[in-house]
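Heads up, the thing below is written out as structure tokens.
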Amino acid sequence: MKAEHIRVRFAPSPTGPLHIGGVRTALYNFLFARKLGGTMILRIEDTDQNRFVAGAEDYIVKSLAWCGLDFDESPEKGGPHAPYRQSERSEIYRKYIHQLVESGHAYYAFDTEEALNLAREQAKQNGGNTFQYDQITRKTLQNSIALPEAEWKKRLADGAPYVIRIKIPENEQVVVNDIIRGEVIVNSSNLDDKVLFKSDGLPTYHLANVVDDYLMKITHVIRGEEWLPSAPLHVLLYRYFGWEDIMPQFAHLPLILKPDGNGKLSKRDGDRLGFPVFPTEWKDPKTGEIYSGYRESGYLPEAVINILAHLGWNPGTEQELFTSAELIQQFSLERVGKHGSKFDPEKAKWFNHQYMQRKSDEELSILLKPYLEQHGLSPASGYLDKVIGLVRERASLVPDLWNTSWFFFIRPEKYDPQVYQKIWLPGTTGWIKDFAREVEALAVFNKDTLHTLVVDYTTKTGVKMGQLMNPLRLLMVGSNQGPGMMELADVLGKDEFLERIKTGFEKLNL
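Following this line, the structure appears as structure tokens:
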């Protein structure tokens, strides 16, 4: 028997930016497909025109590309099951919704929003229950089940607005077999007659999703836990269409939780809690509000992927850092847990630091260059390599490369007054001037000769090492930050070292 060809899809709605929970769903689909030699599809589920946000689809596509997730079939690439935007497939859905109506598994409903609101209000008054359009209430509402056939057909002929609802069976056990959660059983009495086709002529998520998964030959539906309550409805749709034998296998992923574990990590939590929840920066086209992204915050895409891989999946070993190839090789849905995973922003930074340290000096230099260009700087590559070698260990995020190295390229204009007041003693100015004269006399200037000179000077004068080194650091970088003083001076060179002492004295009026 020929092995089944794996086909999975990531199907976002262009209703706003792509949350990292969505990226993780795309990642797990990607890893699953690539490991098993399957096909990865991007499908844009844009049938909810009321929630459509301009620019969201482009944002989703570019964000996934930045994360290194590529697709075999998509709106951009095309493929054998095009189109891959649901808004371009409306005629396809019409065929299938009428099939459901004709088979008696769906029906026309003409209820106005005002009538439904009234029914909801009456349900509250009659014991505080939440109104549900179901096996009981459908018999008293305006639909093709409760109305005489002649009347509802006349309404259709007259062009009365309607929706089409699924006819949920009464008191039936619906079984969802889930790779992660096992067997999930729901009684149909707890389900409502969901709208499958809207009055605007477009399907709802439920119908379009099932029809497209069937037509696109999807073998595995890997999606977030929030879709688990919809799974029984989808199982019924597969049954009603006669597709039950080729229904995809389901895997509902656990939630990504807030750092304190109290609830799902939402789109608005990031900036409030001080870390991004979007892969790349998003500007709301309506409000102009800007939300931070991992790319702009200085995270590497391979680190973000590694962070997300661990939010729900356990490799079963002590290994924490993976290449993309290693993730593909080791990933399995069987090692994805049922319970939500807390997002740890400090651990995320740790991951990024590890991936930063895996890069060569040349690769880190490339990451630093945009910051240099912003300041009109173009240092020689040899000088740049020396700087990177000194600051790389201090960099957890890409901007850290600049924040810990800028003083190698730009002389300080200001000097931290608190540091100055703390370290500048009555004799400091004289000591620095004497020491500078001895530096000027050095035939060879490097970290070794400078270290020897410092030891000799402090020994003969009685000046403590810190009383000399700390003021020199302030003159070199404007504060008390930076790598070792000898290494710092070695990279700057003798002329720049002495020039910074001179400039510092002038600016400090010494």
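Quick note: the sequence shown, position 212, residue 211 per numbering that gives the first Met the number 0, numbers continuous.
Glycine included, each C-beta is placed from N, C-alpha and C at the ideal position.
Checklist entry - Do you know offhand how far tyrosine 107's Cα is from tyrosine 58's? => result Roughly 37 Å between the two C-alpha positions.
Checklist entry - Looking at the structure shown, is asparagine 402 part of a helix, part of a strand, or coil, going by DSSP? => result In this structure, asparagine 402 counts as helix in the three-state DSSP scheme.
Checklist entry - Does the separation of the CB atoms of leucine 236 and leucine 30 fall below 9 Å? => result No, Cβ-Cβ distance for leucine 236 and leucine 30 is not below 9 Å.
Checklist entry - By how many angstroms is the C-alpha of isoleucine 40 removed from the C-alpha of isoleucine 5? => result Roughly 11 Å between the two C-alpha positions.
Item to check | Contact check, isoleucine 184 vs tyrosine 27, beta carbons under 9 Å | outcome: No, Cβ-Cβ distance for isoleucine 184 and tyrosine 27 is not below 9 Å.
Next on the checklist: Just to confirm, is the Cβ distance from glycine 260 to glycine 339 under 9 Å?
Outcome noted: Judged by their CB atoms, glycine 260 and glycine 339 are nearer to each other than the 9 Å cut-off.
Next on the checklist: Considering Cα atoms alone, identify which of Ile165, Gly181 and Arg180 is closest to lysine 197.
Outcome noted: Checked all of Ile165, Gly181 and Arg180; the closest Cα to lysine 197 is Ile165.
Checklist entry - Closest Cβ-Cβ distance between proline 369 and chain D: below 9 Å? => result Among the protein chains of the structure shown there is no chain D, as only one such chain exists.
Checklist entry - Out of curiosity, what's the CA-to-CA distance linking proline 258 and phenylalanine 274? => result About 11 Å.
Item to check | glutamate 392 to proline 344 span [Cα, whole Å] | outcome: So the alpha carbons of these two residues sit roughly 20 Å apart.
Checklist entry - When you compare each of Ala53, Leu63 and Ala32 to glycine 21 by their alpha carbons, which one comes out closest? => result For glycine 21, the nearest C-alpha among the options comes from Leu63.
Checklist entry - Is there contact between the stretch 149 to 169 and the stretch 123 to 141, where contact requires at least three CB pairs shorter than 8 Å? => result Touching, yes.
Checklist entry - Which same chain residues, not among the five before or five after alanine 488, have their C-beta less than 6 Å away from its C-beta? => result Excluding sequence neighbours, alanine 488 sits near Leu449 and Phe496.
Checklist entry - tyrosine 290 bridges to which residues according to DSSP? => result BP columns for tyrosine 290 point to Trp281.
Next on the checklist: Helix, strand or coil for leucine 146? Go by DSSP, reduced to three states.
Outcome noted: Coil, per DSSP.
Item to check | Under 9 Å between C-beta atoms of valine 454 and methionine 468 | outcome: In this structure, methionine 468 does not lie closer than 9 Å to valine 454 by Cβ.
Item to check | Expected contact under 8 Å - CB spacing of asparagine 351 and serine 380 to nearest Å | outcome: Actually they are not in contact, since the Cβ atoms of asparagine 351 and serine 380 sit about 25 Å apart, beyond 8 Å.
Checklist entry - Considering only residues of the stretch 200 to 237, which uninterrupted alpha helix (DSSP H) runs meet the minimum length of 4 residues and lie entirely inside it, listed in chain order? => result The stretch 200 to 237 contains these whole alpha helix (DSSP H) runs: 204 to 214.
Checklist entry - Using the rule of at least 16 other Cβ atoms within 10 Å of the residue's Cβ for burial, across every protein chain shown, is threonine 279 buried or exposed? => result The residue is buried, with at least 16 neighbouring Cβ atoms inside 10 Å.
Item to check | Rounded C-alpha distance that separates glutamate 505 from alanine 435 | outcome: Taking the straight line from one Cα to the other gives about 15 Å.
Item to check | Chain-order list of residues whose beta-carbon lies under 8 Å from that of lysine 1 (same chain, five-residue window excluded) | outcome: Caution applies to lysine 1, whose pLDDT of 43 falls short of 50 and renders its modelled position unreliable; the value that the coordinates give is listed next. The beta carbon of lysine 1 sits closer than 8 Å to no other beta carbon from its chain once the five residues preceding and following it are set aside.
Checklist entry - So what's phenylalanine 408 in DSSP terms, helix, strand or just coil? => result The answer is coil: DSSP assigns phenylalanine 408 none of H, G, I, E or B.
Next on the checklist: If the criterion is Cβ atoms closer than 9 Å, does the pair leucine 376 and isoleucine 387 meet it?
Outcome noted: With respect to isoleucine 387, leucine 376 sits apart: the two C-beta atoms are not nearer than 9 Å.
Next on the checklist: Between the alpha carbons of asparagine 49 and valine 174, how many angstroms are there, rounded?
Outcome noted: Looking at the two C-alpha atoms, the distance is approximately 33 Å.
Checklist entry - From Gly426, Met475 and Ile327, pick the residue whose C-alpha is nearest to that of glycine 461; which is it? => result For the set Gly426, Met475 and Ile327, the Cα lying nearest the Cα of glycine 461 is the one of Gly426.
Checklist entry - Using the rule of at least 16 other Cβ atoms within 10 Å of the residue's Cβ for burial, across every protein chain shown, is proline 160 buried or exposed? => result With fewer than 16 Cβ atoms within 10 Å of its Cβ, proline 160 is classed as exposed.
Item to check | Proximity winner among Ala324, Trp242, Gly241 and Glu301, relative to alanine 347 (alpha-carbon distances) | outcome: Comparing alpha carbon positions, the residue from Ala324, Trp242, Gly241 and Glu301 closest to alanine 347 is Glu301.
Checklist entry - Nearest to tryptophan 281 by CA position, among Glu362, Trp226 and Glu56, is which residue? => result It is Glu56.
Next on the checklist: Taking the alpha-carbon of glycine 158 as reference, which of Gly200, Lys123, Phe130 and Thr129 has the nearest alpha-carbon?
Outcome noted: Per the Cα distances, Gly200.
Checklist entry - Roughly how many angstroms lie between the CA atoms of glutamine 466 and lysine 493, to the nearest whole one? => result Distance between the alpha carbons of glutamine 466 and lysine 493: 21 Å.
Checklist entry - Less than 9 Å separating the beta-carbons of valine 276 and isoleucine 96? => result For valine 276 and isoleucine 96, no; Cβs fall outside 9 Å.
Checklist entry - Under the three-state reduction of DSSP, which class applies to histidine 251: helix, strand or coil? => result Judged by DSSP in its simplified three-state form, histidine 251 adopts strand.
Checklist entry - Distance, Cα to Cα, alanine 207 vs alanine 230? => result Linking alanine 207 to alanine 230 through their CA atoms gives a straight-line distance of about 14 Å.
Checklist entry - Can the beta-carbon of threonine 46 be found closer than 9 Å to that of serine 73? => result No, the pair does not count as a contact, with Cβ atoms beyond the cut-off.
Checklist entry - So what does glycine 40 bridge to, in DSSP terms? => result Per the sequence shown, residue 40 should be read as isoleucine rather than glycine. Arg8 and Glu72.
Item to check | Nearest-angstrom Cα separation, counted from aspartate 212 out to proline 82 | outcome: Taking the straight line from one Cα to the other gives about 13 Å.
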